[in-house]
Amino acid sequence: MFEYDKILKSLLNPNLNKQQLAKLIGTQSTQFTSERTKLKNNYSDEDLISAYTSFYFPTNALKLEFLTEHLSEQMKAEISKTHILDIGTGPGTYVFAASELFSDALSFTGVDESKLMIEQANKLNNEYFQNPKIGFSQTLPNVDDAPRTLIFGNSINEMGMPAAFKIIKRYNPKFIICIEPGTKDVFKDLLALRKKLLLIDYKIQYPCMGQGTCPLEGIDDWCHQSIKTSLDFELESLSQVAKLDRKVMPATIHFYALNQIEDKSGKARIIRLKKNVKHAFLWDVCDENNKSVTLEVPKKLFKKKVVKQLEEISSGICVRYTIDKELENSTVRVKTIEVEGVE
Ligand SMILES: C[S@@+](CC[C@H](N)C(=O)[O-])C[C@H]1O[C@@H](n2cnc3c(N)ncnc32)[C@H](O)[C@@H]1O
1 MFEYDKILKS
11 LLNPNLNKQQ
21 LAKLIGTQST
31 QFTSERTKLK
41 NNYSDEDLIS
51 AYTSFYFPTN
61 ALKLEFLTEH
71 LSEQMKAEIS
81 KTHILDIGTG
91 PGTYVFAASE
101 LFSDALSFTG
111 VDESKLMIEQ
121 ANKLNNEYFQ
131 NPKIGFSQTL
141 PNVDDAPRTL
151 IFGNSINEMG
161 MPAAFKIIKR
171 YNPKFIICIE
181 PGTKDVFKDL
191 LALRKKLLLI
201 DYKIQYPCMG
211 QGTCPLEGID
221 DWCHQSIKTS
231 LDFELESLSQ
241 VAKLDRKVMP
251 ATIHFYALNQ
261 IEDKSGKARI
271 IRLKKNVKHA
281 FLWDVCDENN
291 KSVTLEVPKK
301 LFKKKVVKQL
311 EEISSGICVR
321 YTIDKELENS
331 TVRVKTIEVE
341 GVE
């Protein structure tokens with residue numbers, strides 16, 4: 001999506017080598033996952049910000065590209081007519097991603113409470129992206145009356161759901177994109193936000209197929225979305241030195257539109273590949289009635305070439321199917337199936 005060598009040249013500290021970056025990323029990763037009280041330390045000096053920018057920025061950005069691939073042409077066209085605000089932008093992650101994916105949008109503004117993150121984001125724009133429609137701010141900016149899209153990228157996780165909801169109320173956006181970590185705790189927060197948004201006329205467009213209660217409500221689990229990517233050679237090499245896989249990224253992604261709903265009748269969405277056994281795929285899907293079932297999809301329904309293709313897919317794809325047989329544990333064997341985008 002980006003030119004990785006240009007990102008490395010525009011780090012706040014461009015003199016860190018791969019081993020140094022990998023070590024800093026390792027420290028950050030521990031703080032993100034197990035030492036959450038020390039989270040703010042992750043943004044406390046130029047080296048840590050540079051490490052974040054070398055690793056999490058280009059890989060997180062791919063999650064917006066992934067979501068965009070699952071949006072209708074109409075939704076994408078409408079987002080392109082809005083001001084895009086990225087709340088908790090870090091080094092400008094979803095500002096730069098959005099500026100590539102929705103290049104006609106009215107403006108792209110990244111907001112972050114960390115002064116160093118804003119410095120890093122400005123450096124990337126001044127030296128690499130050089131896009132005059134892009135700006136960054138440490139405080140929430142005023143925008144004109146044109147429609148807005150708000151993006152929260154791994155930031156509700158830090159600011160908390162109530163603070164995020166307050167920002168949503170302030171901007172009254174037409175579209176809301178949440179791209180947050182794939183964990184049970186974050187999922188609970190996003191389900192709470194989902195409930196609040198559905199009460200004030202937002203409609204969830206992705207991943208849910210219906211506007212009802214999530215089948216995971218009250219269950220100690222999350223919906224296991226994951227994104228499969230291929231990385232730039234140097235970035236992959238950094239991830240190997242850091243011993244952190246970014247080729248399969250768990251994530252919780254939700255997309256809302258104000259008062260708009262698209263017809264999804266008869267379709268279900270693959271939420272995750274539960275198992276790939278010799279004769280079948282076991283896919284967890286969610287349907288328009290917010291019912292979650294496991295589909296046992298016999299591989300003999302597809303040509304060999306298609307089976308290979310299907311082995312590569314992750315969550316997000318829509319299917320239409322007919323049932324051959326009801327099995328145990330909310331599982332059904334599929335008789336026929338159409339997989340969107342697959343011949
Ligand atoms: C994990 S980083 C995510 C950066 C970027 N969105 C991404 O996904 O790569 C979280 C960012 O949110 C910012 N943040 C946390 N709470 C915030 C708040 N209340 N207001 C603005 N920014 C906040 C932090 O400073 C940090 O840069």
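Under my numbering, the first residue of the sequence shown is numbered 1, with each subsequent residue one higher. Each residue gets a CB set at the ideal place from its N, CA and C atoms; glycine is no exception.
Judged by DSSP secondary structure, Asp5 falls within the alpha helix (DSSP H) whose first and last residues are Tyr4 to Lys9. The Cβ-Cβ distance between Thr252 and Phe175 does not fall below 8 Å. By the CB criterion at 8 Å, Gly92 and Phe152 fall outside the cutoff.
Non-local C-beta neighbours of Asp324 in its own chain, meaning closer than 7 Å and more than five positions away in sequence, comprise Arg333, Val334 and Lys335, ordered along the chain. By the criterion of a C-beta distance shorter than 6 Å, Asp86 is surrounded in its chain by Tyr94, Val95, Gly110 and Ile151, once the five residues flanking it on both sides are discounted.
DSSP places Lys81 in no beta strand (DSSP E); its state is neither H nor E. Excluding residues up to 5 positions away in sequence, Ile84 and Phe108 lie with their Cβ nearer than 6 Å to the Cβ of Ala98 in the same chain. Of the heavy atoms belonging to ligand 1, at least one sits nearer than 7 Å to the Cβ of Glu113. Distance from the CA of Pro132 to the CA of Tyr256, rounded to the nearest whole angstrom, comes to 28 Å. Short note on Glu100: C-beta not closer than 7 Å to any heavy atom of ligand 1. Every unbroken stretch of the alpha helix (DSSP H) spanning 4 or more residues and falling wholly within the stretch 113-152 is given here in chain order: 115-124. Asn42 sits buried, since 16 or more C-beta atoms from the chains shown fall within 10 Å of its C-beta. Relative to Ala164, the option among Lys38, Leu190 and Gln74 whose CA is nearest is Leu190. Leaving aside the five residues that flank Leu193 on each side, the residues in its chain whose CB is nearer than 6 Å to its CB run, in chain order, Met161. Comparing alpha carbon positions, the residue from Glu338, Thr82, Gly90 and Lys304 closest to Lys115 is Gly90.
Sorting Glu288, Leu327, Lys291 and Leu282 by C-alpha distance to the C-alpha of Ile313 places Leu282 at the top.
At a threshold of 7 Å, Tyr4 does not count as near ligand 1, since its beta carbon sits no closer than that to any of the ligand's heavy atoms. Beta-bridge pairing by DSSP links Phe281 to Asn276 and Val297. Rounded to the nearest whole angstrom, the CA to CA distance from Asn276 to Ile167 is 42 Å. Going by DSSP, Met159 is part of no beta strand (DSSP E) but of the alpha helix (DSSP H) stretching over Ile156 to Met159. Excluding residues up to 5 positions away in sequence, Glu296 and Arg333 lie with their Cβ nearer than 7 Å to the Cβ of Leu327 in the same chain. Under DSSP, Phe108 shares a beta bridge with Ile84 and Ile134.
Short of 7 Å from the beta carbon of Lys184, and not among the five residues preceding or following it, lie these beta carbons of its own chain, in chain order: Asp220, Asp221 and Trp222. Gln120 and Ser230 have their C-alpha atoms roughly 25 Å apart. Pairing Met249 with Ser226, the inter-Cα distance amounts to about 5 Å. By a beta-carbon distance limit of 8 Å, Asn289 does not contact Gly218. Their separation comes to about 17 Å. Ranked by how close their Cα comes to the Cα of Gly316, the residues Ile337, Asp201, Lys308 and Asp284 have Asp284 in first place. If you look at Gln19, you'll find it in the alpha helix (DSSP H) that goes Lys18 to Thr33. For Ser155, the Cβ falls inside the 7 Å cut-off from some heavy atom of ligand 1. Listed as beta-bridge partners of His254 by DSSP are Cys178.
Sequence-distant partners of Lys123 (beyond 5 residues in either direction) whose C-beta falls short of 7 Å from its own C-beta, in its chain, are Ser10 and Leu12.
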